[in-house]
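J.: Have a look at this one.
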């Protein structure tokens, strides 16, 4: 016991010095407006080629939700030089892996290859941007596949409709009110011309960032990029003008039902600022304080000591235009949702009324430092971060400096953000309940 | 002692020089194959048997530790779950540090430490790495196994099981293991609320003593450390860990594969997708000469996006988001081949058929040279990509040790992959992938998928969500909003002609041909009815006269069989008297009827309405679409056995503005009687005398 206290004290005294582990990168624009970021790391013979497009679910026509995610499927169907059905074979037969994903804000495509296939990766991504084939066969096939994806990930999944229900109530005007996967009837109704128009509008070099990271020769790589991407014509500039939400001033109470669950859940959600705002970082720290690790406030109290919850959590869903701060709990035994909510609220109120301890503050900084080191552990992870920091934050160097933002956040700022954003009248209380059979 | 041996490995990648000018209509050729080297970890062993593998990698200032206790698989039987509860309890304080202080310190260091019953893993920044190792060792050697912590973890485990009762994937996984290996096999057994309740804290402590020991344990350390320093640290912190007395267990044999290919169906009415796995047990070890060929065969069949299964089920048919197959390896001879997918309810049968088709294809048709080349290239690529992570080297070294593999297993890995031939693929496909003795496990919504699955011609056996065999369930569907027993009945009344028309019916005469299954003669039946409850039925056989007669005149009645007359009993009279009117539905009280569910009756969706009169209950089934009554069902106790009798009603035709069924099939236990009406008359040719 004594030893333990001693070692903690010693650690507190130790300065938070870090190994230098700067991620070096070089960035520039092509004449057609495409942004390029290069990161060289020759320690393993692996290279990642990736393109992030600034198009997500929020850019969709309100009657055509799901279009952005649908494109993520459609753009594997083939190009003028890559026959339909060949995309994945080309990648795997050259020893590579690839995938893509879509959020409300952006769509991301990538390949990872042994480094002697860099040119192949660039060719494929440039083909996808320059002249993909968008035809009825592809639309029809992917329509079924996307429906299965929704059944798999949402409809058949315990708690799968939880984010959907939170967003539905949190956003009334902004397109964040919908889901990324969208409504299937919208996709059914979309004509081929609409798909083609979507491609023409958003899949243009001036709306994209190309990242090449790994075992590369910088000069050679630049030349190949110019060869493959340089000739792609620039598109129209994209104007975004999303409606602003009115502030939430009265508690929204709602219920949602899920036929895949037995244990209900209580959730509260607060609207918070965009991911680039300093307060979004502060809220990340509050989430960590509340529910990251066994000694975190909510876990320790509700799961460990009082045994009222099977699970509790807090997370800050950071997005480009707004954030959503979500707290949730699954009751254990006879605990009611009301009791669980009151217990969770009590801890939020404490953060608002008192400064967290210096030790807890230091603990948060240590956690974020650990996360920061681990975030840059793979070349493909670095590529993704570089693209994201450029496109959504407008500052690629955040990959090295973001930790400084967390380090500079004071205990007073944590208290102030909790007071400002986590007010009871600014939130949604969602009871997420089991749907009974035959109802 | 510090060793850092590296091996240069030949890559079997195509390597050509890049072209000078680009022609985007031509797929770029790969550049010269990169050189790769395979590091070998440093090793040492403590006196207590703990074997340590160390991989130095200074790219990032962090260290990770993985402790793996390599016990033989063992079933936990009546106390299944004892190991998972122990795992949840470990790493929460030690005999030297209280739980709160322990957890606080891990979090304070920004580190991660987690335990399970077979080991632990931890990671931390290098500056805290020694302290984390110390905490990990202390938690492993001197755990705090308190009653309080035990009760809490047990309650959480029970709740965890409850929370999964409606998860299709969780059930599929539980049943899959249990059916394939057997419920008593270590790989097939599962944890239930009951087994959790059997566990005591003493079981937990005994399990820890018996199984959590260093003599079969490996500690793998990867990251920003120095071999000599870390060796001293490991000795310091782990030397006090005492070895066990030696466990002697044998791993039981898994169940045999099924005798013939069949469907094992588990009904989950909430499912929107069916979870399908075509599976058979295999015995395959990593050092088996077939190993590399099996990897390639599986890759082509279902190991990637462009595999047979995925290209068929996803890309060609759009049935699924993805279809994959896998083959497990196991030192003890118990692993499975599985081809699995999740598909929407409507295409479940097609997905089963197509999956079996693709498995058959790789067994009967040689793969193309191109498919083989592509599969090999993917393995080479994966091998190269995996080297980016420093833990790969450690994983390879550990695999060699625990699986008793030759030392050069990974050095020769690509060479052996490259040596696989088209014939090898077909040979191992036939040896390891079964289409004749495959179990097709389908977890899904029976009411929507069974009628079509039955058409596949495969035998279907039914199981509950705990892998117990059950009779074919009656599948029910959700009832649409607004539909109640009353609406079903009033819809039926409207459908057969409306209340006004029905009330005008005073008498009903039916002359019908009767078929009694198994009987050599074809009788004719004359059935007469008159309001409110008069009834007469005569069965005649040509040349034999009257076979049977039943009469009820409103107050008394009798039954006559082959000339012998027997009066109706008081109970039978009371029952007859209780009937008021020729159409029961006109007189059912709301309190007597409840809408139970929607079920499938002869391929049709039907509302199942329960009718309760006094102590008697019976069921009526109304076609959801046509609204017509299609079945009556009642159960009677006879000599201590319950006998269900069903009356299937069909072939409705209009007579005097009322729809009258012209066919009835009565199933009484094993007996089946069919009545086909050739004459139906309303309010004609009947007098009160006919009922005496």
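Protein chains in written order, with the UniProt record's numbering: chain A, 1 to 439; chain B, 1 to 692.
Think of the CB as a built atom: it goes at the ideal place given N, C-alpha and C, for glycine as much as any other residue.
Model, not experiment: these values are computed from the prediction.
Just to confirm before moving on: does the CB-CB distance between residue 340 of chain A and residue 403 of chain A stay below 7 Å?
T.: The residue given as residue 340 of chain A occupies position 340 in the first chain. The residue given as residue 403 of chain A occupies position 403 in the first chain. It is not a contact, given that the beta carbons lie outside the stated cut-off.
J.: Do we get a CB-CB distance below 7 Å when we pair residue 128 of chain A with the residues of chain B?
T.: Within the first chain, residue 128 of chain A is the residue found at index 128, counting from 1. No, its Cβ sits nowhere closer than 7 Å to a Cβ of chain B.
J.: Have a look at residue 164 of chain A and residue 152 of chain B and give me their C-alpha separation to the nearest angstrom.
T.: Along the first chain, one-based indexing puts residue 164 of chain A at 164. Along the second chain, one-based indexing puts residue 152 of chain B at 152. Spanning the two alpha carbons is a distance of roughly 32 Å.
J.: CA-CA distance, residue 23 of chain B and residue 229 of chain A?
T.: The residue given as residue 23 of chain B occupies position 23 in the second chain. The residue given as residue 229 of chain A occupies position 229 in the first chain. Residue 23 of chain B and residue 229 of chain A: Cα-Cα distance of roughly 13 Å.
J.: Just grab the DSSP bridge partners of residue 428 of chain A for me.
T.: Counting from 1 along the first chain, the entry for residue 428 of chain A is found at position 428. Note: residue 428 of chain A sits in a beta bridge opposite A/252, A/269.
J.: Is there at least one Cβ from chain A nearer than 7 Å to residue 619 of chain B's Cβ?
T.: Residue mapping note: residue 619 of chain B aligns to position 619 of the second chain, counting from 1. It does not: the Cβ of residue 619 of chain B has no partner Cβ on chain A nearer than 7 Å.
J.: In the structure shown, what three-state DSSP assignment does residue 603 of chain B receive?
T.: Counted from its first residue, the second chain places residue 603 of chain B at position 603. If DSSP states are grouped into helix, strand and coil, residue 603 of chain B belongs with coil.
J.: Cβ atoms of residue 34 of chain B and residue 116 of chain A: under 7 Å apart, would you say?
T.: If you number the first chain from 1, residue 116 of chain A lands on position 116. If you number the second chain from 1, residue 34 of chain B lands on position 34. Closer than 7 Å, so yes.
J.: Do we get a CB-CB distance below 7 Å when we pair residue 298 of chain A with the residues of chain B?
T.: In the first chain, the residue the question calls residue 298 of chain A occupies position 298. Not one chain B Cβ lies under 7 Å of residue 298 of chain A.
J.: If you measure beta-carbon to beta-carbon, which residues of the stretch 156–188 of chain B are closer than 9 Å to chain A?
T.: Cβ contacts with chain A: 156, 159, 160, 162, 163, 164, 165, 166, 167, 168, 169, 170.
J.: Classify residue 332 of chain A as helix, strand or coil using the three-state DSSP reduction.
T.: Working through the first chain from its first residue, we reach residue 332 of chain A at position 332. If DSSP states are grouped into helix, strand and coil, residue 332 of chain A belongs with coil.
J.: Using the beta-carbon count (16 or more within 10 Å), is residue 408 of chain A buried or exposed?
T.: The residue given as residue 408 of chain A occupies position 408 in the first chain. So residue 408 of chain A ends up on the exposed side.
J.: Specify, as a first and last residue, the run of the alpha helix (DSSP H) that residue 444 of chain B falls within.
T.: Within the second chain, numbered from 1, the residue matching residue 444 of chain B stands at position 444. Run containing residue 444 of chain B: none in the alpha helix (DSSP H); it sits in the beta strand (DSSP E), 439–444.
J.: Any beta carbon from chain B within less than 7 Å of residue 152 of chain A's own beta carbon?
T.: Position 152 of the first chain, counted from the start, is the residue given in the question as residue 152 of chain A. With 7 Å as the cut-off, residue 152 of chain A counts as an interface residue toward chain B.
J.: Could you tell me whether the stretch 336–354 of chain A touches the stretch 110–126 of chain A, where touching means 3 or more Cβ pairs closer than 8 Å?
T.: Too few Cβ pairs lie closer than 8 Å, so no.
J.: For residue 308 of chain A and residue 603 of chain B, I'd like the C-alpha separation in whole angstroms.
T.: The residue given as residue 308 of chain A occupies position 308 in the first chain. The residue given as residue 603 of chain B occupies position 603 in the second chain. Cα-Cα distance, rounded: 47 Å.
J.: Is it buried or exposed, residue 298 of chain B, if we count other Cβ atoms within 10 angstroms and call 16 or more buried?
T.: Within the second chain, numbered from 1, the residue matching residue 298 of chain B stands at position 298. Residue 298 of chain B should be labelled buried.
J.: Determine which residues share a DSSP beta bridge with residue 74 of chain B and list them.
T.: Residue mapping note: residue 74 of chain B aligns to position 74 of the second chain, counting from 1. Answer by DSSP bridge pairing: none, since residue 74 of chain B is not bridged.
J.: Taking residue 23 of chain A as part of the alpha helix (DSSP H), name the residues at either end of that continuous run.
T.: What you label residue 23 of chain A is simply residue 23 of the first chain in a count that begins at 1. No alpha helix (DSSP H) contains residue 23 of chain A, which DSSP labels as neither H nor E.
J.: Note down, in chain order, each residue of its chain lying with its Cβ closer than 8 Å to the Cβ of residue 15 of chain B, except the 5 sequence neighbours on either side.
T.: Here residue 15 of chain B refers to the residue found at position 15 when the second chain is read from its first residue. Bear in mind that a pLDDT of 49 at residue 15 of chain B, under 50, signals an unreliable position, so the model cannot answer this.
J.: Got a sec? Which residues, its chain only, sit under 6 Å from residue 132 of chain B by beta carbon, not counting five neighbours each side?
T.: Residue 132 of chain B sits at position 132 when you count from the first residue of the second chain. Closer than 6 Å at the Cβ level, and outside the excluded window around residue 132 of chain B, lie 111, 122, 124.
J.: Quick one: which residues of the stretch 73–103 of chain A get their C-beta closer than 7 Å to a C-beta of chain B? List them in chain order.
T.: Taking 7 Å as the Cβ-Cβ cut-off against chain B, the residues of the stretch 73–103 of chain A that qualify are 81, 85, 88, 89, 90, 92, 93, 94, 95, 96, 97.
J.: So, with DSSP's three-state summary, where would you put residue 234 of chain A?
T.: As a working mapping, residue 234 of chain A is identified with position 234 in the first chain. DSSP places residue 234 of chain A in coil when its eight states are reduced to three.
J.: Return the bridge partner residues of residue 211 of chain A from the DSSP annotation.
T.: Here residue 211 of chain A refers to the residue found at position 211 of the first chain. Answer by DSSP bridge pairing, in chain order: A/37, A/50.
J.: Tell me the start and end of each unbroken beta strand (DSSP E) in the stretch 285–363 of chain A that is at least 3 residues and wholly inside, in chain order.
T.: Runs of the beta strand (DSSP E) inside the stretch 285–363 of chain A: 309–318, 323–331.
J.: Is the stretch 49–67 of chain B close to the stretch 215–228 of chain B, with three or more CB pairs under 8 Å?
T.: Contact holds: three or more Cβ-Cβ distances are below 8 Å.
J.: Taking DSSP's pairing of strands, which residues face residue 537 of chain B in a bridge?
T.: Stepping through the second chain from its first residue, residue 537 of chain B is reached at position 537. Partner(s): B/527, B/550.
J.: In the stretch 123–136 of chain B, which residues sit with their C-beta less than 9 Å from some C-beta in chain A, listed in chain order?
T.: Within the stretch 123–136 of chain B, the residues whose Cβ lies closer than 9 Å to some Cβ of chain A are 123, 124, 125, 126, 127, 128, 131, 134, listed in chain order.
J.: Less than 7 Å between CB atoms is the rule here; does residue 293 of chain B satisfy it with respect to chain A?
T.: Taking the first residue of the second chain as position 1, residue 293 of chain B is located at position 293. By this cut-off, residue 293 of chain B is not an interface position.
J.: Kindly indicate which residue of A/153, A/263, A/239 has the alpha-carbon position closest to the one of residue 310 of chain A.
T.: Sequence index remark: in the first chain, residue 310 of chain A carries index 310 (1-based). Checking every option, the nearest Cα to that of residue 310 of chain A belongs to A/263.
J.: Compute the Euclidean distance between the alpha carbons of residue 53 of chain A and residue 160 of chain A, then round it to the nearest angstrom.
T.: On the first chain, residue 53 of chain A is found 53 positions in, with the first residue counted as 1. On the first chain, residue 160 of chain A is found 160 positions in, with the first residue counted as 1. The straight-line gap from Cα to Cα measures roughly 27 Å.
J.: Between A/27, A/175, A/72, A/241, which has its C-alpha nearest residue 463 of chain A's C-alpha?
T.: Nothing can be reported for residue 463 of chain A, as the shown portion of chain A is limited to 1 through 439.
J.: Residue 206 of chain A touches chain B at which residues, Cβ-Cβ below 7 Å?
T.: By one-based count along the first chain, residue 206 of chain A stands at place 206. Under the 7 Å cutoff, chain B gives no residues; its nearest Cβ is about 20 Å from residue 206 of chain A.
J.: Tell me the DSSP secondary structure of residue 662 of chain B in three-state form.
T.: As a working mapping, residue 662 of chain B is identified with position 662 in the second chain. In the structure shown, residue 662 of chain B sits in a strand (DSSP, three-state: E or B).
J.: I'd like to confirm the pairing. Which residues does DSSP put opposite residue 516 of chain B in its beta bridges?
T.: In the second chain, counting from the first residue as 1, residue 516 of chain B sits at position 516. Looking at the DSSP assignment, residue 516 of chain B forms a beta bridge with B/673.
J.: Can you give me the Cβ contacts of residue 55 of chain A inside the same chain, cut-off strictly under 6 Å, excluding the 5 residues immediately before and after it?
T.: Numbered from its first residue, the first chain carries residue 55 of chain A at position 55. Answer for residue 55 of chain A: 68, 107, 202, listed in chain order.
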